[in-house]
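Participant: Using my numbering, the first residue of the sequence shown is number 187, and each one after it goes up by one. C-beta atoms are modelled at their ideal positions from N, C-alpha and C, and glycine is treated no differently. Computed from a prediction, not measured in an experiment: that's the story for all the values here.
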Amino acid sequence: MKLIILCLSYLSAIVVAKPVSLRRNQTFADCLGAANVPVNFANSPNFDTLKTPFNLRTQFTPLVITLPTTSQHVAATINCATTYKLRVTARGGGHSYAAFGLGGEDGHVIVDLQMMHDVVYDSRTTIATVGGGARLGNIAQSIYDQGKRALPHGKL
Numbered sequence: 187m188k189l190i191i192l193c194l195s196y197l198s199a200i201v202v203a204k205p206v207s208l209r210r211n212q213t214f215a216d217c218l219g220a221a222n223v224p225v226n227f228a229n230s231p232n233f234d235t236l237k238t239p240f241n242l243r244t245q246f247t248p249l250v251i252t253l254p255t256t257s258q259h260v261a262a263t264i265n266c267a268t269t270y271k272l273r274v275t276a277r278g279g280g281h282s283y284a285a286f287g288l289g290g291e292d293g294h295v296i297v298d299l300q301m302m303h304d305v306v307y308d309s310r311t312t313i314a315t316v317g318g319g320a321r322l323g324n325i326a327q328s329i330y331d332q333g334k335r336a337l338p339h340g341k342l
């Protein structure tokens with residue numbers, strides 16, 4: 187029996203999201219706030235930790251880092267960024283050698299998916315549904331715990 191893994195990036199949520207209606211003088215931060223998106227701007231206490239890349243030689247500073255917990259947060263972030271003509275980058279595991287998870291340059295809106303890491307294995311269909319922020323070790327452990335299945339991979 188095969189094991190099928192579906193990775194959900196949650197960026198497809200934009201398709202079903204409602205357009206953002208701007209109030210007069212509304213800012214990008216207001217737009218995110220209206221949608222209750224968990225957000226970290228440069229003045230947030232953990233911003234420096236969140237923006238630290240895997241490769242310390244590639245330092246980029248994003249405009250904002252969001253930590254969505256729902257696909258609605260992802261959709262709202264993308265809608266707000268689109269409204270204000272800002273570049274959006276999804277960040278899954280964050281191990282890009284060139285820091286592409288931080289946009290590969292300064293000023294991106296980062297959708298950090300680390301809070302969306304659920305792994306659900308369905309033994310009937312042998313499909314594992316994996317959140318965009320899940321890491322390999324967590325995926326392997328979860329599918330073993332839930333269905334005694336193995337995932338071929340390197341070192342954890």
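On a CA-only basis, which of T255, T312, S309 and V305 is nearest G323? Give me that one, please.
Facilitator: Checking every option, the nearest Cα to that of G323 belongs to V305.
Participant: Go through its chain and collect everything with a Cβ distance to H259's Cβ below 8 Å, but skip five positions before and after it.
Facilitator: Once the five neighbours on either side are set aside, the close Cβ partners of H259 are A221, N222, V223, P224 and T252.
Participant: Could you tell me which whole beta strand (DSSP E) segments of length 3 or greater appear in the region 214-283?
Facilitator: If we require 3 residues or more, the beta strand (DSSP E) runs fully inside the region 214-283 come out as 225-227, 250-252 and 274-277.
Participant: How should H281 be labelled, buried or exposed, when 16 other C-beta atoms within 10 angstroms of its C-beta is the threshold for buried?
Facilitator: It is exposed - the Cβ of H281 has fewer than 16 other Cβ atoms within 10 Å.
Participant: Could you give the C-beta distance for G293 and L236, rounded to a whole number, given that I count them as a contact under 8 Å?
Facilitator: Incorrect: roughly 15 Å between the Cβ atoms, too far for contact.
Participant: Please identify the residue among L299, T311 and L337 whose C-alpha is closest to the C-alpha of G317.
Facilitator: Of the listed residues, the one whose Cα sits closest to G317 is L299.
Participant: What distance in whole Å lies between the Cβ atoms of A285 and T244, which are believed to be in contact at a cut-off of 8 Å?
Facilitator: Confirmed, about 4 Å.
Participant: Which partner residues does I325 have in the DSSP bridge list?
Facilitator: DSSP output for I325 lists no bridge partner at all.
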